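*Asks:*
Chains as they are written, first to last, in the working numbering: chain A, 2 to 249; chain B, 4 to 791.
1) Given residue 247 of chain A, which residues of its chain have a CB within under 8 Å of its CB, disregarding the five upstream and five downstream residues?
2) Determine which residues share a DSSP beta bridge with residue 35 of chain A and list them.
3) Mapping the DSSP letters down to three states, classify residue 29 of chain B as helix, strand or coil.
4) Taking residue 672 of chain B as the reference, which of B:10, B:427, B:29 has the closest Cα?
5) Answer with buried or exposed for residue 555 of chain B, where buried requires no fewer than 16 other C-beta atoms within 10 angstroms of its C-beta.
6) What do you get for residue 14 of chain B, buried or exposed, if any count of 16 or more other CB atoms within 10 angstroms of its CB means buried?
7) Could you give the C-beta distance for residue 208 of chain A and residue 176 of chain A, rounded to a whole number, given that I count them as a contact under 8 Å?
8) How many angstroms separate the CA atom of residue 340 of chain B from the CA atom of residue 740 of chain B?
9) What is the rounded straight-line gap between the Cα of residue 109 of chain A and the Cα of residue 181 of chain A?
10) Please name the residue in B:572, B:384, B:457 whose C-alpha comes closest to that of residue 797 of chain B.
11) If we count the other Cβ atoms within 10 Å of its Cβ and call it buried at 16 or more, is residue 75 of chain A buried or exposed?
12) Can you give, in chain order, each stretch of the alpha helix (DSSP H) that sits fully within the segment 439-506 of chain B and has at least 4 residues?
13) What do you get for residue 580 of chain B, buried or exposed, if any count of 16 or more other CB atoms within 10 angstroms of its CB means buried?
14) Buried or exposed for residue 761 of chain B, please, with buried defined as at least 16 other CB atoms from any protein chain shown within 10 angstroms of its CB.
15) Name the chain B residues that come within less than 8 Å of residue 116 of chain A, Cβ to Cβ?
16) Within the same chain, show all residues whose beta-carbon is closer than 6 Å to that of residue 720 of chain B, passing over the 5 residues directly before and after it, in chain order.
17) Under 8 Å between beta-carbons, which chain A residues line up against residue 17 of chain B? List them in chain order, please.
18) Give me the chain A residues within the contact set of residue 444 of chain B, using Cβ-Cβ distance strictly less than 8 Å, ordered along the chain.
19) Going along the chain, which unbroken runs of the alpha helix (DSSP H) with 4 or more residues stay wholly within the segment 241-309 of chain B?
20) From which residue to which residue does the alpha helix (DSSP H) around residue 163 of chain A run?
21) Taking the beta carbon of residue 223 of chain B as the centre, do at least 16 other beta carbons fall within 10 Å, making it buried, or is it exposed?
22) Please decide whether residue 86 of chain A counts as near chain B, where near means a Cβ-Cβ distance under 8 Å.
23) I need the boundaries of the beta strand (DSSP E) containing residue 169 of chain B, first residue and last residue.
24) Within this structure, are the beta carbons of residue 564 of chain B and residue 587 of chain B separated by less than 8 Å?
25) Check whether the Cβ of residue 258 of chain A lies closer than 8 Å to any Cβ atom in chain B.
26) Roughly how many angstroms separate the alpha carbons of residue 584 of chain B and residue 763 of chain B, rounded to a whole number?
27) Taking the Cβ atom as the reference point for each residue, do residue 103 of chain A and residue 173 of chain A lie within a distance shorter than 8 Å?
28) By the DSSP assignment, the beta strand (DSSP E) with residue 82 of chain A in it spans what residues?
29) Distance, Cα to Cα, residue 230 of chain B vs residue 345 of chain B?
30) Does the segment 250-258 of chain B come close enough to the segment 347-363 of chain B that 3 or more CB-CB pairs lie under 8 Å?
31) CB-CB under 7 Å to residue 444 of chain B, same chain, minus the five flanking residues each way: which ones, in chain order?
32) What first and last residue would you give for the alpha helix (DSSP H) that runs through residue 616 of chain B?
33) Measure the CB-CB distance between residue 688 of chain B and residue 425 of chain B and report whether it falls below 8 Å.
34) Using 8 Å for Cβ pairs, my map puts residue 496 of chain B next to residue 612 of chain B. What's the rounded Cβ distance?
35) Could you work out which residues of chain A lie near residue 3 of chain B, taking near to mean beta carbons separated by less than 7 Å?
36) Under the DSSP definition of a beta bridge, which residues are partnered with residue 207 of chain A?
So this is what it looks like as structure tokens:
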């Protein structure tokens with residue numbers, strides 16, 4: 002493994018490890034082709050961190066995110082959340098894990114077109130154990146005035162912010178973002194990233210953003226570079242930038 | 004409202020067209036079922052109420068002449084509730100608007116005619132004055148056929164004298180819902196009618212003072228009908244009794260019961276098939292809908308909704324659709340059943356309408372709907388929730404495309420690149436293609452089922468009235484006449500050929516089975532009235548050849564060719580004989596038995612006595628012939644074949660017309676529902692690919708060529724699959740319609756196949772044009788933005 006530990010590793014050691022993955026391997030059968038999406042990935046993710054996983058298309062970053070989020074299971078290797086071994090969990094345990102701890106943000110928002118912004122958020126807060134009010138979640142992304150709008154009446158950035166509100170409404174312990182700005186222009190993308198950063202900062206939620214946009218790496222605590230299903234390096238940011246300072 | 008319920012409503016709003024189409028499918032299945040069963044219930048109740056209100060008798064007996072005091076002895080038979088003796092006589096009418104003679108029955112009535120057994124209800128006018136010598140009531144169908152009204156006069160030959168009778172009222176009785184000419188089992192309201200006359204006048208006219216020749220009885224609820232009939236036979240035999248019968252053998256009721264049975268079978272089999280087909284289609288459509296929603300399911304799963312919550316969500320979805328279908332189906336079915344009940348009640352001329360809702364059958368239909376919908380969709384739902392969320396959210400891997408069968412067969416050069424795409428897609432999406440083909444095929448099959456019946460009726464009429472019976476007229480004599488009378492008949496004006504027959508009422512017994520029927524003695528090689536085997540070859544009736552019976556009779560008696568049965572003659576000298584069954588022939592109307600005429604004479608121990616003759620006549624001289632027949636006192640009745648044909652058409656065709664019409668409409672809706680849905684789903688499944696092609700520069704026409712090409716191929720594949728299924732459904736329907744007086748051969752004409760195919764093609768074209776319009780208006784950017 003080509004993992005390079007950085008100098009600030011000692012500081013991190015004081016924080017709690019939330020995810021610990023080792024030897025993660027994932028092989029897909031896409032039609033007639035066998036795809037090795039992950040090849041023995043090992044990493045630890047700490048409480049309150051802002052992580053950016055950077056990699057080109059097909060590097061395995063979405064697969065890694067899905068496995069961490071309990072959406073997928075690895076072909077080999079193990080991953081644990083706190084003291085729970087996710088790889089040993091069955092389907093209903095994984096569902097409970099997602100329900101109680103994970104907030105997802107997708108590249109294409111995955112909002113339900115027929116529900117208003119607030120209803121989309123409520124779809125998730127309704128099943129959470131200690132959720133905030135849907136409106137409150139929308140307020141955190143500055144969208145409480147658009148609560149009764151349908152996705153078709155919102156811009157792409159607004160839709161993604163609704164998706165963020167939906168993800169954080171349950172007060173998740175971990176926020177997993179799959180290319181959250183992938184479908185957005187720079188300006189809107191920055192607004193969305195600001196919202197994500199604010200959640201990370203104010204709620205202390207472990208946040209993992211996967212992207213192929215290297216600029217975003219500047220706002221991370223740590224940047225994990227993935228290439229061809231392996232971690233090529235991990236970089237700790239000395240000088241984290243604000244989202245508004247990013248350019249791409 | 005819970006967010007998931009909001010999602011449910013939003014999903015339904017979004018897919019309202021599909022939801023509506025599948026709700027209609029379910030509603031159609033349930034509606035036909037509710038309609039038919041409720042109509043049947045209502046009809047039965049209406050009939051029962053009519054029979055009850057008018058004291059329709061349970062046992063019927065005719066005799067030659069018995070003194071009135073026999074009535075008391077009949078009343079003493081254990082189990083008998085009421086006894087009503089009557090005088091009933093056959094008469095000939097001379098009606099000015101008819102060239103041919105009409106015949107009928109004169110039935111005596113007592114003062115309190117409504118309360119007597121087989122009560123007579125006066126519809127218009129009044130009851131005859133018991134002392135008014137010439138006042139009569141006329142049966143409603145006969146009056147309608149001749150436009151008789153109270154105040155009109157009617158000439159009747161009764162007791163050998165021509166009498167002018169005054170019609171004072173138009174009436175109906177449960178005894179004569181169908182006025183059936185004895186021995187013919189044919190009703191012809193124009194040529195056969197019923198008159199009711201005060202008993203005292205009938206006694207005087209027929210020299211029957213203090214006597215009766217007909218008796219009807221009602222039984223106590225715990226009575227043993229067989230014992231009563233046995234006792235009645237024992238008491239009436241010395242007075243010329245020919246054997247009492249129960250209600251099931253009463254001519255009118257027999258016919259009514261048979262008609263009702265037919266409507267009942269039709270009411271059961273077609274809707275059952277509809278219900279089965281519509282629930283099946285419901286499943287196909289729903290499973291494809293669920294499949295199409297897998298991304299939404301995956302999103303919900305990512306948020307932490309578990310399988311049960313998502314499964315329950317779809318079960319609620321199904322529940323709402325089926326409930327909507329059930330409510331609409333029950334409401335529409337009930338409303339249609341009122342309409343149909345009214346029509347049938349008018350057809351049967353019951354004076355009372357009882358509207359019933361077949362709640363039990365409706366509940367069963369709804370439960371079947373629910374069970375099959377849930378059972379069917381559960382697989383689709385399970386497949387959807389079992390799919391790992393990460394897999395569901397990834398674009399589907401490309402299908403394993405291969406060279407299509409057509410290409411491998413070397414037909415590549417006949418296929419354009421787009422054509423190849425269509426074929427390969429259909430082949431790669433094999434499951435969806437098969438389901439679409441099957442759905443559309445079932446749509447086609449129900450159209451065949453909804454419209455084949457006309458062919459069967461035409462076939463029966465052709466065989467029965469054209470190929471088998473070639474006479475124009477059937478004459479029956481008052482009493483049997485000697486063979487010499489045949490010469491008179493042959494010399495009637497216009498008669499080309501006269502073929503005599505002898506018919507005699509008998510009871511046929513085989514083991515524990517028995518059936519009353521008229522045996523008809525025919526010539527050894529009949530030229531006019533022919534009995535034909537299943538290859539439509541006339542069956543010969545050689546002397547000593549034995550009895551030739553119809554399939555239905557063989558079935559009733561459980562007898563086969565070569566076996567022997569017992570014949571109890573119910574007329575004249577009576578007697579019991581053993582006779583061999585020589586042949587069994589297929590028949591479509593009443594059970595019949597035929598024998599060589601000479602053999603019948605020998606069996607009856609009589610000379611050549613004739614009951615009537617079949618005549619082939621010169622069409623130009625029919626009127627002349629009828630005029631002469633009218634002057635022939637020996638003739639009791641004339642049956643015009645064309646009239647019989649019309650009657651058959653009316654009885655069979657008319658009473659099933661409404662049902663057939665409604666079935667055809669439902670069949671159309673079902674087929675439309677499935678094809679429309681199929682087109683919508685195909686569009687939904689293909690829209691991304693097609694939009695991509697548009698973006699790549701393909702023209703609208705080319706892109707719609709792919710979509711419409713797929714639909715066209717699915718439709719074309721569905722036709723050869725659907726037609727045999729439709730044929731199978733038609734076979735099921737004919738099996739269910741098999742009754743004692745009518746059986747239906749399976750005849751589906753090319754016309755019906757062509758018509759059904761055209762209906763499906765038209766529906767497919769209409770649906771395709773609709774989705775094409777949607778495709779033309781597709782928002783390319785929006786489609787491409789959405790992740791697969």
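No residue lacks a Cβ here, since even glycine has one placed at the ideal position from N, Cα and C.
From a predicted model like this one, the values you see are computed outputs, not experimental measurements.
*Replies:* By the coordinates alone:
1) Here residue 247 of chain A refers to the residue found at position 246 when the first chain is read from its first residue. Correct list, in chain order: 191, 194, 216, 217, 219, 220.
2) As a first step, residue 35 of chain A must be located in the first chain, where it is residue number 34. Its beta-bridge partners are A:30.
3) Reading the second chain from its first residue, position 26 is the one you call residue 29 of chain B. The three-state secondary structure of residue 29 of chain B, taken from DSSP, is helix.
4) Taking the first residue of the second chain as position 1, residue 672 of chain B is located at position 669. When each option's Cα is compared against that of residue 672 of chain B, the closest is B:29.
5) Working through the second chain from its first residue, we reach residue 555 of chain B at position 552. Residue burial annotation: residue 555 of chain B is buried, with at least 16 other C-beta atoms found within 10 angstroms of its C-beta.
6) Within the second chain, numbered from 1, the residue matching residue 14 of chain B stands at position 11. By the neighbour-count criterion, in which 16 or more other beta carbons inside 10 Å mark a residue as buried, residue 14 of chain B falls on the buried side.
7) Position 207 of the first chain, counted from the first residue, corresponds to residue 208 of chain A. Position 175 of the first chain, counted from the first residue, corresponds to residue 176 of chain A. Their Cβ separation, rounded to whole angstroms, is 5 Å, which keeps residue 208 of chain A and residue 176 of chain A in contact under 8 Å.
8) One-based indexing of the second chain puts residue 340 of chain B at position 337. One-based indexing of the second chain puts residue 740 of chain B at position 737. Their backbone Cα atoms lie some 20 Å apart in a straight line.
9) Position 108 of the first chain, counting from 1, holds the residue named residue 109 of chain A. Position 180 of the first chain, counting from 1, holds the residue named residue 181 of chain A. Residue 109 of chain A and residue 181 of chain A: Cα-Cα distance of roughly 8 Å.
10) The structure shown does not extend to residue 797 of chain B, since chain B is modelled only from 4 through 791, so no value can be given for it.
11) Here residue 75 of chain A is taken as the residue at index 74 of the first chain, counted from 1. Counting C-beta atoms within 10 angstroms of its own C-beta, residue 75 of chain A has 16 or more neighbours from the protein chains shown and is therefore classed as buried.
12) The qualifying runs are 456-464, 487-493.
13) For the purposes of this step, residue 580 of chain B is taken as the residue at position 577 of the second chain. Per the 10 Å Cβ criterion, exposed.
14) Residue numbering aside, residue 761 of chain B sits at position 758 when the second chain is read from its first letter. It is exposed - the Cβ of residue 761 of chain B has fewer than 16 other Cβ atoms within 10 Å.
15) Residue 116 of chain A sits at position 115 when you count from the first residue of the first chain. By Cβ distance, chain B contributes 6, 9, 10, 13.
16) The residue labelled residue 720 of chain B in the question sits at position 717 within the second chain. Beyond the five residues adjoining it in sequence on each side, residue 720 of chain B comes within less than 6 Å, by CB distance, of 440 in the same chain, given in chain order.
17) The count along the second chain starts at 1 and reaches residue 17 of chain B at position 14. Those within 8 Å of residue 17 of chain B in chain A are 114, 115.
18) Taking the second chain and counting its residues from 1, one reaches residue 444 of chain B at position 441. Simply none; closest approach about 30 Å.
19) Listed in chain order, they are 254-295, 297-306.
20) Sequence index remark: in the first chain, residue 163 of chain A carries index 162 (1-based). Segment 157-169, the alpha helix (DSSP H) holding residue 163 of chain A.
21) For the purposes of this step, residue 223 of chain B is identified with residue 220 of the second chain, where counting begins at 1. Under this definition residue 223 of chain B is an exposed residue.
22) One-based indexing of the first chain puts residue 86 of chain A at position 85. With 8 Å as the cut-off, residue 86 of chain A does not count as an interface residue toward chain B.
23) Start at 1 with the first residue of the second chain, and residue 169 of chain B comes out as number 166. It spans 164-175 - the beta strand (DSSP E) in which residue 169 of chain B sits, taken as one unbroken run.
24) In the second chain, the residue the question calls residue 564 of chain B occupies position 561. In the second chain, the residue the question calls residue 587 of chain B occupies position 584. Contact check for residue 564 of chain B against residue 587 of chain B passes: the beta carbons are separated by less than 8 Å.
25) Outside the modelled stretch of chain A, which goes from 2 to 249, sits residue 258 of chain A, for which no answer is possible.
26) Reading the second chain from its first residue, position 581 is the one you call residue 584 of chain B. Reading the second chain from its first residue, position 760 is the one you call residue 763 of chain B. The straight-line gap from Cα to Cα measures roughly 49 Å.
27) Position 102 of the first chain, counted from the start, is the residue given in the question as residue 103 of chain A. Position 172 of the first chain, counted from the start, is the residue given in the question as residue 173 of chain A. Result yes, Cβ atoms of residue 103 of chain A and residue 173 of chain A sit closer than 8 Å.
28) Residue mapping note: residue 82 of chain A aligns to position 81 of the first chain, counting from 1. Counting along the chain, residue 82 of chain A sits inside the beta strand (DSSP E) bounded by residues 77-82.
29) Against the second chain, residue 230 of chain B aligns to sequence position 227. Against the second chain, residue 345 of chain B aligns to sequence position 342. If you take the alpha carbons of residue 230 of chain B and residue 345 of chain B, they lie about 39 Å apart.
30) Below 8 Å, too few C-beta pairs join the segment 347-363 of chain B and the segment 250-258 of chain B to call them touching: fewer than three.
31) In the second chain, the residue the question calls residue 444 of chain B occupies position 441. Correct list, in chain order: 721, 724, 725, 728.
32) The residue you call residue 616 of chain B lines up with position 613 of the second chain. Residue 616 of chain B: not part of any alpha helix (DSSP H); member of the beta strand (DSSP E) spanning 612-620, first to last residue.
33) Within the second chain, numbered from 1, the residue matching residue 688 of chain B stands at position 685. Within the second chain, numbered from 1, the residue matching residue 425 of chain B stands at position 422. With contacts defined as CB atoms closer than 8 Å, residue 688 of chain B and residue 425 of chain B fail to qualify as a contacting pair.
34) In the second chain, the residue the question calls residue 496 of chain B occupies position 493. In the second chain, the residue the question calls residue 612 of chain B occupies position 609. Taking 8 Å as the upper bound for CB-CB distance, residue 496 of chain B and residue 612 of chain B are not in contact here, some 25 Å apart.
35) Because chain B spans 4 through 791 in this model, residue 3 of chain B falls outside it and cannot be assessed.
36) Taking the first chain and counting its residues from 1, the one referred to as residue 207 of chain A is at position 206. Paired residue(s): A:175.
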